[in-house]
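I have placed the structure first, in the form of structure tokens, so that the comments after it can refer back to it.
Protein chains in written order, with the numbering used here: chain A, 3 to 451; chain B, 5 to 227.
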């Protein structure tokens, strides 16, 4: 493709990036091609301007669209719009609208002034009537009057009201001025905040650039002696840019407001950020969780067999630790470790004699947990009920637990757990299976992370 | 994962600890049993445990424990009775008891040797009295026990050396006991305000030799 074709395609169809690069390289090199390019551009601008004034006849466009199959309603609305625009653009309308605007501009301040004047007049006359009425009523009384506080206040209020009314125009004007000033201040503060941010970002970037350049300077100065002058120029230019950025125009007044009249250094400005402990902890925790840790204490309320020993063992703390993996919001699988007291009563045969043995040992247990939480029902509640099943083993035999409870949310990931648990232990003595059934009250904490 | 869980369970079941062997405080009660109470009045042993057929019946029997004590269930028929002090067997014998009968075992020192008395406490079921029993384990002399109670006349009970009386039914209330030398009629010792309660036995034990003597008042409650 030759250069002319490239130029033609550029204006007519557009070029792909590669061809465009070739064309611009050629334009950079070749002056004649550049002239040709400007000529083409001028021609196309002129033709565009000319064609903008040429409007196709309405009937012609309608016929064309009819043949395409577009409905007449579209053209009816277009016709209405066109008529409306021609009406608006007519000279009569323009003149009349200009006159209305001038009249309004004159009339509104005049109306405002007249209204204030009339109001002042009316209020001052009312005040005069009131004061004369007061003096009359006092004069009608034939004994000396001691003015009470109420009288004083009313008189004061009256005098103040007249003064206020007479100054209402000025006061309102002053209020408007204050309002405008406050708006201006607000705009200035918003503008200065944005400017601060932009300045800080820009200066940081420039500092980084400066550091980079200084590093490059050091490296290049040692290796490339020929490019020393260019590098120096570049660094000088950069310095000038930094200085110009630092001397950006800045609103002194708004800056003082932001800085509480302290040092005039907008780099010290900090946006106030509300930080509380819970939000800080919740920010530290990951947004989604898969693991859950449950620490509970176990308090036995009922047990069968009910064993009362004369010499009982020292009391130990009974607990359960469970680590869950959340399959989803409702279902969790976990592993448990715990210690619990299981009363036992069983028969033994020793030397041909039968004995009954009772004991209440503390047993360690391990187990696998399944937890179900119906979150779809209680999603908005602070208390999440749950069902927990444990299948495990102690050193004497298998153990099963069913726990019904609730997680009381303290904040996002920490909850108190309270529940009732039924635990069932099976054990074998002399080929006879015995069981211990317990009802426990469980309480503890639940942490998701 | 499932394989590991199954292996864990298998390991736990294999390493099963038999409930009778768990190291915890326990009580082993014979199904067919009599009732026994044990007293230690042997000054050589401050405490001992009572075992029968490898089963511990009583964990600790303290020397001269004068507080009220209850009977323990003891295997009936012929049963071995073994006393341990500091895990050393100090006494071993075979005793015969009948189911649901009550017995008292005294472990005492007589003439510098350990000895025992195993005696049945025959409570007459129809009566709801308190009972008193006198025991003379003194190696030197016989004694007279004089009971002064609410009755108008005191009761004198003569007890030979290394001998004892049957259970003497008494009325509830306070009594005074005087121990008298029968030969010289000298008063050896006197104990006032000994309280007798219903369904209880009060054992008055006189021990010692020609130079020293001791008197122990040991009480037991019928369950």
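No residue lacks a Cβ here, since even glycine has one placed at the ideal position from N, Cα and C. Bear in mind the structure is a predicted one, so any value in this text is a computation, not a measurement.
With a threshold of 7 angstroms on Cβ separation, who are the neighbours of residue i within its own chain once the five nearest residues in sequence on each side are excluded?
i: residue 400/A; result: 428
i: residue 114/B; result: 141, 143 and 166
i: residue 161/A; result: Legend: pLDDT at residue 161/A = 42, less than 50; position of this residue unreliable, value from coordinates given subsequently. Excluding positions up to five away in sequence, the list is empty.
i: residue 196/B; result: 180
i: residue 334/A; result: 294, 326, 327, 328 and 373
i: residue 29/A; result: 35, 36 and 39
Excluding the 5 residues flanking residue i on each side, which residues of the same chain have their C-beta closer than 8 angstroms to its C-beta?
i: residue 291/A; result: 328, 415, 450 and 451
i: residue 71/B; result: 223
i: residue 437/A; result: 426, 427, 428 and 429
i: residue 434/A; result: 348 and 349
Taking the alpha carbon of residue i as the reference point, which residue from the options has its own alpha carbon closest?
i: residue 302/A; options: 443/A, 394/A and 337/A; result: 443/A
i: residue 60/B; options: 46/B, 50/B, 73/B and 24/B; result: 24/B
i: residue 58/B; options: 146/B, 79/B, 177/B and 176/B; result: 79/B
i: residue 141/B; options: 75/B, 225/B, 204/B and 47/B; result: 47/B
i: residue 171/B; options: 156/B, 90/B, 133/B and 28/B; result: 133/B
i: residue 101/B; options: 122/B, 94/B and 10/B; result: 122/B
i: residue 35/B; options: 104/B, 209/B, 120/B and 208/B; result: 104/B
i: residue 441/A; options: 371/A, 300/A and 348/A; result: 300/A
i: residue 52/B; options: 74/B, 94/B, 202/B and 146/B; result: 94/B
i: residue 356/A; options: 215/B, 9/B, 64/B and 81/B; result: 81/B
i: residue 28/B; options: 19/A, 410/A and 343/A; result: 343/A
i: residue 215/B; options: 145/B, 77/B, 209/B and 173/B; result: 145/B
i: residue 75/B; options: 64/B, 55/B and 42/B; result: 42/B
i: residue 83/B; options: 98/B, 92/B and 89/B; result: 98/B
i: residue 360/A; options: 40/B, 26/B, 11/B and 175/B; result: 26/B
i: residue 219/B; options: 178/B, 138/B, 65/B and 109/B; result: 138/B
i: residue 2/B; options: 174/B, 64/B and 182/B; result: This structure gives no information on residue 2/B, because the portion of chain B shown stretches from 5 to 227.
Of all Cβ atoms in chain A, is any one closer than 7 angstroms to the Cβ of residue i?
i: residue 79/B; result: yes
i: residue 60/B; result: no
i: residue 30/B; result: yes
i: residue 136/B; result: no
i: residue 21/B; result: yes
i: residue 184/B; result: no
Ordered along the chain, which non-local residues of its own chain (more than five positions away) have a Cβ less than 6 angstroms from that of residue i?
i: residue 296/A; result: 324 and 448
i: residue 148/B; result: 160, 162, 184 and 186
i: residue 405/A; result: 390, 421 and 423
i: residue 67/B; result: 44 and 50
i: residue 358/A; result: 349
i: residue 411/A; result: 384 and 417
i: residue 304/A; result: 441
i: residue 270/A; result: Residue confidence for residue 270/A is low, a pLDDT of 45 falling below 50, so the modelled location carries little weight; the figure read from the coordinates is stated next. Result list for residue 270/A: empty, nothing under 6 angstroms.
i: residue 39/B; result: 75 and 106
Which bits of chain B does residue i rub up against, with CB to CB less than 7 angstroms?
i: residue 318/A; result: None at all; the shortest Cβ gap to chain B is about 11 angstroms.
i: residue 387/A; result: Result: empty, since nearest Cβ-Cβ is about 27 angstroms, beyond 7 angstroms.
i: residue 363/A; result: 26 and 28
i: residue 437/A; result: Correct list: empty, because the minimum Cβ distance to chain B is about 12 angstroms.
Taking Cβ-Cβ distances shorter than 7 angstroms, what residues in chain A pair up with residue i?
i: residue 9/B; result: 370
i: residue 57/B; result: 352, 353 and 355
i: residue 41/B; result: Neighbours of residue 41/B on chain A: none; closest Cβ ~14 angstroms, over 7 angstroms.
i: residue 115/B; result: Residues of chain A passing the Cβ test: none, with the nearest at roughly 34 angstroms.
With a threshold of 7 angstroms between beta-carbons, can residue i be considered close to chain B, or not?
i: residue 429/A; result: yes
i: residue 355/A; result: yes
i: residue 426/A; result: no
i: residue 335/A; result: no
i: residue 449/A; result: no
i: residue 311/A; result: yes
i: residue 482/A; result: This structure leaves residue 482/A out entirely; chain A is present only between 3 and 451.
i: residue 343/A; result: no
Whose Cβ in chain A lies nearer than 9 angstroms to the Cβ of residue i?
i: residue 35/B; result: 349, 355, 356, 357 and 358
May I ask whether a heavy atom of the ligand MN can be found less than 6 angstroms away from the beta carbon of residue i?
i: residue 142/B; result: Among the components modelled here there is no ligand, and therefore nothing to report on the ligand MN.
Determine which residues of the region 389-420 of chain A have a Cβ less than 9 angstroms from any Cβ of chain B, and write them out in chain order. Residues passing the 9 angstroms Cβ filter: 393, 394, 395, 396, 397, 398, 399 and 400.
Closer than 8 angstroms, Cβ to any Cβ of chain B: which residues of the region 198-212 of chain A, in chain order? So the list is empty, because no residue satisfies the distance condition.
Mind checking the region 291-307 of chain A against chain B and listing, in chain order, the residues whose C-beta falls within less than 8 angstroms of any C-beta there? Result list empty, no residue passes.
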